[in-house]
Amino acid sequence: MSPSFRSYLETLTATCAQPVFKSACEAGGYEVMSPRGSPLNKDLEFAPHHPVVRTHPVTGWKSIFAGVGIHVSRIDDVYDYEDTMIREYIMRLITRNHDCIARMHWTKQACAIWSNACTLHAATPDTHLVSGNRTGVRASGIGEVPYLDPASVGRHAALGLPMN
Numbered sequence: 001m002s003p004s005f006r007s008y009l010e011t012l013t014a015t016c017a018q019p020v021f022k023s024a025c026e027a028g029g030y031e032v033m034s035p036r037g038s039p040l041n042k043d044l045e046f047a048p049h050h051p052v053v054r055t056h057p058v059t060g061w062k063s064i065f066a067g068v069g070i071h072v073s074r075i076d077d078v079y080d081y082e083d084t085m086i087r088e089y090i091m092r093l094i095t096r097n098h099d100c101i102a103r104m105h106w107t108k109q110a111c112a113i114w115s116n117a118c119t120l121h122a123a124t125p126d127t128h129l130v131s132g133n134r135t136g137v138r139a140s141g142i143g144e145v146p147y148l149d150p151a152s153v154g155r156h157a158a159l160g161l162p163m164n
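The sequence shown begins at 1 in UniProt numbering and counts up one residue at a time.
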């Protein structure tokens, strides 16, 4: 990604919402735990605004909010066609760059842990290939409102790696 486009993304916020979440839970008969993470999350319908580029609360590194592809209903303050272009571009970055992808090979007693602050996770539709049940338990930090520290740097800069 060009330095200019990176800088532009740092100026943007996004509305984070999953309007179909409630209807999907009802249709599937899923019981959703309550309360859901932050006290700012009200019931199953909420739509906070967060920076598109955020600072990871532990590493201090900048990252693009991976949920821009799925958990974002729109990029704020841009035209509809720009919103579509930006979100499609970010999804292509995430899904078509093999250095950004980890695939879990599930075995008995396997456990996967990741940070939702910088990771997009998706269950692949291959459950018919694996016997037994897979269970997911989500642990979320409460009170960590996403932010961008202008002094933060990306992983490459922090580790002294060359920029591609």
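Ideal Cβ positions, reconstructed from N, Cα and C, are used throughout, including at glycine.
CB-CB under 7 Å to residue i, same chain, minus the five flanking residues each way: which ones, in chain order?
{"i": "glycine 154", "result": "Trp61, Lys62"}
{"i": "isoleucine 113", "result": "none"}
{"i": "glutamate 45", "result": "Lys22"}
Thinking C-beta only, is residue j closer than 9 Å to residue i?
{"i": "serine 152", "j": "threonine 55", "result": "yes"}
{"i": "aspartate 76", "j": "threonine 124", "result": "no"}
{"i": "proline 51", "j": "proline 146", "result": "yes"}
{"i": "threonine 59", "j": "alanine 158", "result": "yes"}
{"i": "leucine 120", "j": "methionine 1", "result": "no"}
{"i": "histidine 49", "j": "threonine 84", "result": "no"}
Pick out whichever of the options has its Cα sitting closest to the Cα of residue i.
{"i": "cysteine 118", "options": "Cys100, Thr135, Cys111, Thr124", "result": "Cys100"}
{"i": "threonine 107", "options": "Ser131, Ser34, Tyr147", "result": "Ser131"}
{"i": "asparagine 133", "options": "Ala110, Asn97, Ser7, Pro150", "result": "Ala110"}
{"i": "isoleucine 86", "options": "Asn97, Asp149, Met104, Phe65", "result": "Phe65"}
Report whether the distance from the Cβ of residue i to the nearest heavy atom of the ligand COA is below 8 Å.
{"i": "isoleucine 86", "result": "Ligands are entirely absent from the displayed structure, and the ligand COA is therefore not among its contents."}
Beta-carbon within less than 6 Å of residue i's beta-carbon, same chain only, minus the 5 sequence neighbours each way: which residues are those?
{"i": "alanine 17", "result": "Ala47, Ser73"}
{"i": "leucine 9", "result": "Val52, Val53"}
{"i": "cysteine 25", "result": "Val32"}
{"i": "alanine 122", "result": "none"}
Of all Cβ atoms in chain B, is any one closer than 9 Å to the Cβ of residue i?
{"i": "phenylalanine 5", "result": "Any reference to chain B falls outside this structure, which holds one protein chain only."}
Below 8 Å CB to CB, which residues in the same chain sit around residue i once its five sequence neighbours on both sides are set aside?
{"i": "glutamate 82", "result": "Ile75"}
{"i": "serine 115", "result": "His56, Val58"}
- Item | Complete alpha helix (DSSP H) runs within the UniProt domain "TauD/TfdA-like" (4-126) (minimum length 4 residues, chain order) | 21-28, 80-96
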